[in-house]
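Engineer: Sharing a structure here in structure tokens format.
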DNA sequence: GTGGGGGAG
DNA sequence: CGTTCTCCCCCAC
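In this note's numbering, the protein residues as written are 16 to 484.
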């Protein structure tokens, strides 16, 4: 991995990221009541992976060195960190790809699958095993993994992942999903009567979901539309935020029995789709009436197209989806999703299944931050030299601390903080200006002493820096 | 645009 | 920790 930045700048970015992460977690919990776990590194892959290190309500930073020269005895921490992961644990490498990679290094069909739970012979294939396998590289991987239907450049992509490289964007959450689907799995579903009954229930649940997710009830004449200057209409109006243009029915036929009587599970699905009938968008008609029409005019016909044989099938899963979201849905520059609303909706959905009233504990949302953090070898714990946990979970966040975890810096004195120079302020400004424009608006701060502009979360550290000069 | 593959959380 | 339920993106046709 080429060194894209100087060690000092890398250090600064990681420190900024750690700081921001702690600030965000602190405010999220104080203002919304949600705890969060964060990973901080230079890309999404690494941030995500390292975030798993310490799970509830904490944050972890992958510390430098991120690179090492070949004559260096010690490998860089990125490699050291990622090498010990089982291949299938890498985001972007799922079950299928992992099986192919295992088969390659094991030189056999990688049959291990079902359960070797008790065997103890865990032949887990690690990233290291694949990464160092003779002849391995982007081209070899492309050949192993590539094929019909496989995205081009998969070899290069996976090779990057195995080496801790990932250029995937960290995107904004959409406020309207591209698809809404409801599904159920079954131990046995092989009669048309039963199917009709299930389809009715799925259709009803889908309609309900469409209403809670896609219908906005602006009870107040608030600022929803582009121009609502004279909209004094407290008319508790409801309106669709998006219209799914397509409805899709998919099933998962239970795979036929093997000769030897074994069950080779398959997840293969088949599907048929049709235009979404417009009557489902009626906000006046009774739900059950709409469900009935949808069932008989759309879903049942779709099912017959999907399963031409009248019987003989046995479905293990049925799914009904509303897709192809029209207009408002495809807005790209959407702001972040309101996670409070997400949990609220989840709660509504879950409530109907909840038998007793457990103390509805707040969900934990995970954050992941690119850029930054701190470090250097050996934290105070010593066991994982490449990890530094910011663990002042119970402490209140203090703006005067330059780092979420002050002790790390103490060990190395001034080297841990950027050398004071006249460039540093523009450096900091550039960093976040170019990487997070949104923060400029409401969350920026200008130092009265030196004029540096920075996000407010960095204000405390900045003043400490002045004081320490 | 449709249907299937693969993956994330 | 494994399964279930969603949701997403890509590809070939």
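For glycine and all other residues, C-beta sits at the position ideal for the given N, C-alpha and C.
The model shown is predicted, which means the values in this text are computed figures rather than measured ones.
I'd like to know if the segment 180 to 195 and the segment 279 to 293 are in contact, where contact means that at least 3 CB-CB pairs between them fall below 8 Å.
Structural biologist: no
Engineer: Helix, strand or coil for residue 460 per DSSP?
Structural biologist: For the purposes of this step, residue 460 is taken as the residue at position 445 of the first chain. In the structure shown, residue 460 sits in a strand (DSSP, three-state: E or B).
Engineer: Closest by CA to residue 214, which one among 303, 475 and 35?
Structural biologist: Your numbering for residue 214 matches position 199 in the first chain. Closest option to residue 214, Cα to Cα, is 303.
Engineer: Expressed to the nearest angstrom, what Euclidean distance is found between the alpha-carbon atoms of residue 290 and residue 209?
Structural biologist: For the purposes of this step, residue 290 is taken as the residue at position 275 of the first chain. For the purposes of this step, residue 209 is taken as the residue at position 194 of the first chain. Distance between the alpha carbons of residue 290 and residue 209: 25 Å.
Engineer: If you pair each beta-carbon of the segment 82 to 91 with each one of the segment 156 to 171, do three or more pairs fall below 8 Å?
Structural biologist: no
Engineer: Roughly how many whole angstroms lie between the Cα atoms of residue 301 and residue 308?
Structural biologist: Position 286 of the first chain, counting from 1, holds the residue named residue 301. Position 293 of the first chain, counting from 1, holds the residue named residue 308. One C-alpha to the other measures close to 11 Å.
Engineer: Would DSSP call residue 90 helix, strand or coil?
Structural biologist: Counting from one through the first chain, the residue named residue 90 turns up at place 75. Correct three-state label for residue 90: coil.
Engineer: Using 8 Å for Cβ pairs, my map puts residue 56 next to residue 65. What's the rounded Cβ distance?
Structural biologist: The residue labelled residue 56 in the question sits at position 41 within the first chain. The residue labelled residue 65 in the question sits at position 50 within the first chain. Correct: roughly 6 Å between the Cβ atoms.
Engineer: Is there contact here, the segment 327 to 339 with the segment 198 to 205, by at least three beta-carbon pairs under 8 Å?
Structural biologist: yes
Engineer: List the endpoints of the continuous beta strand (DSSP E) containing residue 301.
Structural biologist: Counted from its first residue, the first chain places residue 301 at position 286. Careful: residue 301 lies outside any beta strand (DSSP E) and carries neither H nor E.
Engineer: Using beta-carbon positions only, say whether residue 61 and residue 93 come within less than 8 Å of one another.
Structural biologist: The count along the first chain starts at 1 and reaches residue 61 at position 46. The count along the first chain starts at 1 and reaches residue 93 at position 78. It is a contact, given that the beta carbons lie within the stated cut-off.
Engineer: Give me the Cα-Cα distance between residue 477 and residue 460, rounded to the nearest whole angstrom.
Structural biologist: Residue mapping note: residue 477 aligns to position 462 of the first chain, counting from 1. Residue mapping note: residue 460 aligns to position 445 of the first chain, counting from 1. Answer to the nearest angstrom: the Cα atoms are 11 Å apart.
Engineer: Looking at C-alpha atoms only, which residue of 80, 298, 70 and 187 is the closest neighbour of residue 256?
Structural biologist: For this step, residue 256 is matched to residue 241 along the first chain. Closest option to residue 256, Cα to Cα, is 298.
Engineer: What first and last residue would you give for the beta strand (DSSP E) that runs through residue 469?
Structural biologist: Residue numbering aside, residue 469 sits at position 454 when the first chain is read from its first letter. Here the beta strand (DSSP E) through residue 469 covers 468 to 470.
Engineer: Compute the beta-carbon to beta-carbon distance between residue 141 and residue 101, rounded to the nearest angstrom, for a pair I have assumed lies under 8 Å.
Structural biologist: The sequence position of residue 141 within the first chain is 126, counting from 1. The sequence position of residue 101 within the first chain is 86, counting from 1. Their Cβ separation, rounded to whole angstroms, is 6 Å, which keeps residue 141 and residue 101 in contact under 8 Å.
Engineer: Taking DSSP as the reference, what is the three-state secondary structure of residue 288?
Structural biologist: For the purposes of this step, residue 288 is taken as residue 273 along the first chain, with counting starting at 1. Strand at residue 288.
Engineer: Would you kindly report the start and end of the unbroken alpha helix (DSSP H) that includes residue 186?
Structural biologist: In the first chain, residue 186 corresponds to position 171, counting from 1. Per DSSP, residue 186 belongs to no alpha helix (DSSP H) and is neither H nor E.
Engineer: State the DSSP-derived secondary structure class of residue 256, mapped to helix, strand or coil.
Structural biologist: Looking up residue 256 in the first chain gives position 241. In this structure, residue 256 counts as coil in the three-state DSSP scheme.
Engineer: Check for me: the alpha helix (DSSP H) holding residue 114 runs from which residue to which?
Structural biologist: Counted from its first residue, the first chain places residue 114 at position 99. From DSSP, the alpha helix (DSSP H) with residue 114 extends over 110 to 121.
Engineer: If you compare alpha carbons, which of 232, 114 and 263 is closest to residue 253?
Structural biologist: Position 238 of the first chain, counted from the first residue, corresponds to residue 253. Out of 232, 114 and 263, 232 has the C-alpha closest to the C-alpha of residue 253.
Engineer: Have a look at residue 103 and residue 114 and give me their C-alpha separation to the nearest angstrom.
Structural biologist: Looking up residue 103 in the first chain gives position 88. Looking up residue 114 in the first chain gives position 99. About 8 Å.
Engineer: Alpha carbon to alpha carbon, how far is residue 265 from residue 175?
Structural biologist: Residue numbering aside, residue 265 sits at position 250 when the first chain is read from its first letter. Residue numbering aside, residue 175 sits at position 160 when the first chain is read from its first letter. Using only the alpha carbons, I get a separation of about 35 Å.
Engineer: Is the beta carbon of residue 472 less than 8 Å from the beta carbon of residue 119?
Structural biologist: Numbered from its first residue, the first chain carries residue 472 at position 457. Numbered from its first residue, the first chain carries residue 119 at position 104. Against a cut-off of 8 Å, the Cβ pair of residue 119 and residue 472 comes out as no contact.
Engineer: Would the beta-carbon of residue 54 fall within 8 Å of that of residue 75?
Structural biologist: Working through the first chain from its first residue, we reach residue 54 at position 39. Working through the first chain from its first residue, we reach residue 75 at position 60. In contact: residue 54 and residue 75 (Cβ atoms closer than 8 Å).
Engineer: Could you give the distance in angstroms between the alpha-carbon of residue 468 and the alpha-carbon of residue 31?
Structural biologist: Here residue 468 refers to the residue found at position 453 of the first chain. Here residue 31 refers to the residue found at position 16 of the first chain. When rounded, the distance between both Cα atoms is 14 Å.
Engineer: Does residue 204 come out as helix, strand or coil in the three-state DSSP assignment?
Structural biologist: For the purposes of this step, residue 204 is taken as the residue at position 189 of the first chain. The answer is coil: DSSP assigns residue 204 none of H, G, I, E or B.
Engineer: Classify residue 144: buried if its beta carbon has 16 or more other beta carbons within 10 angstroms, exposed otherwise.
Structural biologist: The residue you call residue 144 lines up with position 129 of the first chain. Residue 144 is buried by the Cβ-count criterion.
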